[in-house]
Amino acid sequence: MGLVSTKEQQQKNTNTEYKTRETRKEYEKKNEKEKEKEKEKKKKKIPKVNLQQITLPVTNGKLEKLVTKTPWNALVITDLHFTNGERCYFATERIPKTIENIGETIEKHNIQQVIILGDLFHGGCDDLEYCGGIIQQFCDFGVPFYIIGGNHDRSVVKKLSEQINEEQQKLCHFVTESLFMEIEPLSSEEELKEETEISLPENGKLLDLGTYNKIVFSHDAGNNFWLKKEETVPFIRSIRLQHKKYFDKKKFLLIGHTHSIQLFKEELFGSISPFHFGHIGFRSYGLVRQINGKLKLDVIKMTNFK
Numbered sequence: 001m002g003l004v005s006t007k008e009q010q011q012k013n014t015n016t017e018y019k020t021r022e023t024r025k026e027y028e029k030k031n032e033k034e035k036e037k038e039k040e041k042k043k044k045k046i047p048k049v050n051l052q053q054i055t056l057p058v059t060n061g062k063l064e065k066l067v068t069k070t071p072w073n074a075l076v077i078t079d080l081h082f083t084n085g086e087r088c089y090f091a092t093e094r095i096p097k098t099i100e101n102i103g104e105t106i107e108k109h110n111i112q113q114v115i116i117l118g119d120l121f122h123g124g125c126d127d128l129e130y131c132g133g134i135i136q137q138f139c140d141f142g143v144p145f146y147i148i149g150g151n152h153d154r155s156v157v158k159k160l161s162e163q164i165n166e167e168q169q170k171l172c173h174f175v176t177e178s179l180f181m182e183i184e185p186l187s188s189e190e191e192l193k194e195e196t197e198i199s200l201p202e203n204g205k206l207l208d209l210g211t212y213n214k215i216v217f218s219h220d221a222g223n224n225f226w227l228k229k230e231e232t233v234p235f236i237r238s239i240r241l242q243h244k245k246y247f248d249k250k251k252f253l254l255i256g257h258t259h260s261i262q263l264f265k266e267e268l269f270g271s272i273s274p275f276h277f278g279h280i281g282f283r284s285y286g287l288v289r290q291i292n293g294k295l296k297l298d299v300i301k302m303t304n305f306k
């Protein structure tokens, strides 16, 4: 083996160093591309916000002044998962009791509007005759319902919105073109000027979430994936952060989907649990009242049910 000259060795080292630099650049470039792909994936997880603004109260899609001497109140419920099939999260025999309890709650709080935060129907329930029967039972309560599509029922809710009759359209409104619904107070001489005591259900606990200019509702912001218990809070927080330019300090974000009560007053977001009597755990519902030109938001947590 011949000896390698110093000049040849230097050239070899230079070539090796050059290749190393090029390899490093290629690696960094590849790494940057991977980071960009991850960013794009995160963006796709939470769609761009599309708020459906609704000034309440609304009847048949038109703004009307509430002709009543009583305060304006809205009931917020979620994740009923109604189905005529056997497979469901909740026992189907408890559906009639749940519907009856919705009527009782409407009467108890003198409700003028009901907002359902998605998954009214369970996945796989595509019997439009059955679903239409449920819609008619809601219409029989005589107050407007707003139904947001959830990950289980977006397709069936869309179909129902296209087939309900004219009388049902006066009371039942489907939020199908938006992932969010935003409400704001309506100027009225009949609104409450001071907060009054809420009549709680048996073993119910009141959770005060404060007063806001507007409240934004959603089911899951279009994210059709399951959540582990430890993922629920980061999930809701990510929705608010992703759309932070729409959520100022005067707006609260309330969603369904999590099947749990997760309320963070300081961070202005939260979720409520299913209203269904078959739900194993705490049932809950939201109550929105217009007080002195603002929207007062409370959640009622029921610690026991029969």
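Residues in the sequence shown are numbered consecutively from 1, following UniProt numbering. Idealized CB from N, CA, C, for every residue including glycine. No experiment lies behind these values; they were computed from the predicted model shown.
Here Gln163 is exposed. Its C-beta has fewer than 16 other C-beta atoms within 10 Å. As the crow flies, the alpha-carbon of Ile148 is around 48 angstroms from that of Glu26. Rounded to whole angstroms, the gap between the alpha carbons of Gly293 and Gly256 is 26 angstroms. In this chain, the beta strand (DSSP E) harbouring Cys172 covers 172-175. By the beta-carbon neighbour count (other beta carbons within 10 angstroms, threshold 16), Ile280 is exposed.
Just measuring C-alpha positions, the residue of Ile215, Ala221, Glu230 sitting nearest Phe247 is Ile215. Sorting Phe141, Ile115, Lys29, Leu287 by C-alpha distance to the C-alpha of Gly204 places Leu287 at the top. Secondary-structure assignment with DSSP links Thr211 through a beta bridge to Lys296. Per the C-alpha coordinates, the member of Glu184, Leu209, Cys125, Leu120 positioned closest to Cys172 is Leu120. Between the alpha carbons of Gly85 and Glu36 lies a distance of about 44 angstroms.
The C-alpha of Asp140 lies about 24 angstroms from the C-alpha of Met181. The region 152-162 and the region 122-142 touch, with three or more beta-carbon pairs separated by less than 8 angstroms. For Gln262, there is no enclosing alpha helix (DSSP H); the enclosing beta strand (DSSP E) has its first and last residue at 262-264.
Leu209 has its alpha-carbon roughly 23 angstroms from the corresponding atom of Glu104.
With 16 or more other CB atoms across the displayed protein chains lying within 10 angstroms of its CB, Lys296 is buried. Taking a contact as a CB-CB distance under 8 angstroms, the pair Tyr285 and Ile77 counts as one, their CB atoms being some 5 angstroms apart. With a cutoff of 9 angstroms on beta-carbon distance, Thr303 and Phe275 are scored as not near each other.
Judged by DSSP in its simplified three-state form, Tyr146 adopts strand. The beta-carbon distance between Gly118 and Asp220, rounded to whole angstroms, is 7 angstroms. This is short enough to meet the 8 angstroms contact definition. Rounded to the nearest whole angstrom, the C-alpha separation of Leu207 and His259 is 17 angstroms. Around Lys265, the same chain offers Leu209, Gly210 as residues with beta carbons nearer than 7 angstroms, after the five sequence neighbours per side are excluded. Assigned with DSSP and collapsed to three states, Ser161 falls in helix. Collapsing the DSSP output to three states places Leu80 in coil. Gln136: member of the alpha helix (DSSP H) spanning 128-139, first to last residue. In the structure shown, Lys228 falls within a coil segment according to DSSP collapsed to helix, strand and coil. Per DSSP, reduced to three states, the secondary structure at Asn73 is strand.
Taken atom to atom, the span from the alpha-carbon of Tyr146 to that of Ser218 is near 12 angstroms. The three-state reading of DSSP puts Lys33 in helix, counting H, G and I together.
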